[in-house]
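Colleague: Each residue of the sequence shown is one higher than the one before, starting from 1 at the first, in UniProt numbering.
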Amino acid sequence: MAAVEDEVDKDGEDVTFKSLGIVDVLCEACQQLGWKSPTKIQREAIPVALQGSNDIIGLAETGSGKTGAFALPVLQKLLENPQRLYALILTPTRELAFQISEQFEALGASIGVKCGDSHGFYCCGNFLSSSYWLWSGKKPHIIIASPGRLVDHLENTKGFNLRTLKYLIMDEADRILNLDFEKEVDKILKIIPRERRTYLYSATMTKKVQKLQRASLQSPVKVEVATKYTTVDKLQQSYLFIPKQI
Numbered sequence: 001m002a003a004v005e006d007e008v009d010k011d012g013e014d015v016t017f018k019s020l021g022i023v024d025v026l027c028e029a030c031q032q033l034g035w036k037s038p039t040k041i042q043r044e045a046i047p048v049a050l051q052g053s054n055d056i057i058g059l060a061e062t063g064s065g066k067t068g069a070f071a072l073p074v075l076q077k078l079l080e081n082p083q084r085l086y087a088l089i090l091t092p093t094r095e096l097a098f099q100i101s102e103q104f105e106a107l108g109a110s111i112g113v114k115c116g117d118s119h120g121f122y123c124c125g126n127f128l129s130s131s132y133w134l135w136s137g138k139k140p141h142i143i144i145a146s147p148g149r150l151v152d153h154l155e156n157t158k159g160f161n162l163r164t165l166k167y168l169i170m171d172e173a174d175r176i177l178n179l180d181f182e183k184e185v186d187k188i189l190k191i192i193p194r195e196r197r198t199y200l201y202s203a204t205m206t207k208k209v210q211k212l213q214r215a216s217l218q219s220p221v222k223v224e225v226a227t228k229y230t231t232v233d234k235l236q237q238s239y240l241f242i243p244k245q246i
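1) On a CA-only basis, which of R43, G58, V23, I22 is nearest K222? Give me that one, please.
2) Hey, how far is the Cα of G116 from the Cα of A97?
3) For I191, which residues from the same chain have a beta carbon less than 7 angstroms from its beta carbon, with the 5 sequence-adjacent residues on both sides left out?
4) With T67 as the anchor, note down where its alpha helix (DSSP H) starts and where it stops.
5) Go ahead and label T164 buried or exposed: buried means 16 or more other beta carbons lie within 10 angstroms of its beta carbon, across all protein chains shown.
6) Whole-angstrom Cβ separation of S216 and T198, contact assumed at under 8 angstroms?
7) On the criterion of 16 or more Cβ atoms from any shown chain inside 10 Å, does Q213 qualify as buried, or is it exposed?
8) Report, in whole angstroms, the separation of the C-beta atoms of I142 and A87, which I expect to be a contact under 8 angstroms.
9) DSSP on I22, reduced to helix/strand/coil?
10) Using the C-alpha atoms, what's the distance from F160 back to V48?
11) Just to confirm, are residue 247 and Y201 a CB contact at a threshold of 7 angstroms?
12) Would you call K172 buried or exposed, if buried means 16 or more other Cβ atoms sit within 10 Å of its Cβ?
13) By alpha-carbon positions, which one of K207, L177, L26 ends up nearest to A69?
14) Looking at the structure shown, is L33 part of a helix, part of a strand, or coil, going by DSSP?
15) Can you check the segment 191 to 231 for any alpha helix (DSSP H) of at least 4 residues that lies completely inside it and give the ranges in chain order?
16) For G159, which of helix, strand or coil comes out of DSSP?
17) Got a sec? Which residues, its chain only, sit under 7 angstroms from R196 by beta carbon, not counting five neighbours each side?
18) Would you mind working out which of I111, P92, K211 sits nearest V74, comparing C-alpha positions?
19) Are K66 and I100 close, meaning C-beta to C-beta below 7 angstroms?
20) With a threshold of 8 angstroms on Cβ separation, who are the neighbours of A29 within its own chain once the five nearest residues in sequence on each side are excluded?
21) Under DSSP, the beta strand (DSSP E) around I143 begins and ends at which residues?
22) By Cβ distance, which residues of its chain are closer than 6 angstroms to S219, with the 5 residues on each side in sequence left out?
23) From which residue to which residue does the alpha helix (DSSP H) around L88 run?
24) With a threshold of 8 angstroms on Cβ separation, who are the neighbours of V113 within its own chain once the five nearest residues in sequence on each side are excluded?
25) To which residues of the same chain is residue 249 closer than 6 angstroms at the C-beta, ignoring the five residues directly before and after it?
26) To the nearest angstrom, how far is the alpha carbon of S19 from that of L177?
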């Protein structure tokens, strides 16, 4: 396995999304979102993803900008080869799926990327039983779902398949596996095309994640910018103490 080492980058602030290879239209989207410069994980992962010849396993802290690390390359590749049902992002929860869909749609707004709309695109666990989008020509470019919800539709929604899929991203893979989605992930891996790029992002490298890595990734490059069980310094955290008896 190749490895990309996370070194102290004295010139990190001078690195731009454009210098990483991101096209102007997506650089402008980053600017509109207030992304002034790439984060560590973005600086390491984006060039590897744009090269397109390796899968990626990324160990990244919570709040490190890892969504941008996989969203920008996927959107750029989609721009080069537009098609529906292009990428699948698996997440442990609907809440995270919603957050990721917001970032994808914000980054891809100027190029017409769709993750969901009122007609019932599969996104964030919502799917109309009428399967309207399958027959309306309004299939989404990006599918974002929890493994359980996706397997349910692969097995029970007539006409729904992922034969054209080019990218599989598993975000917070450690949490996906901790929530006992192993069987669902195995089913998905057997259904989707073998010829694809796979990005696996996790905060920790557990034994389950290592097993999943061996089963799903080909010639992966390891991008590590996290220490075990850490969050980034700029992430604001708080807690509320509730007495046992009030």
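C-beta atoms are modelled at their ideal positions from N, C-alpha and C, and glycine is treated no differently.
Modeller: Inspection of the coordinates gives the following:
1) G58
2) Reliability of the predicted coordinates at G116 is poor, the pLDDT of 46 falling under 50, and the value obtained from them is presented with this limitation in mind. Taking the straight line from one Cα to the other gives about 11 angstroms.
3) L154, L162
4) 66 to 80
5) exposed
6) 5 angstroms
7) buried
8) 5 angstroms
9) coil
10) 31 angstroms
11) The requested residue 247 does not occur in the structure, where the chain is confined to residues 1 to 246.
12) Lys is not the amino acid found at residue 172; the sequence shown has Glu there. Buried, since its Cβ has 16 or more Cβ neighbours within 10 Å.
13) L26
14) coil
15) 207 to 216
16) coil
17) L165, K166, Y167, L168
18) I111
19) no
20) A106, L107, G108, A109, S110
21) 142 to 145
22) N54
23) Taken as a continuous stretch (DSSP letters only), L88 belongs to no alpha helix (DSSP H), being part of the beta strand (DSSP E) at 87 to 90.
24) L75, L78, F104, E105, L107, H141, I142
25) An answer regarding residue 249 cannot be provided, because it is not within the stretch 1 to 246 covered by the chain.
26) 35 angstroms
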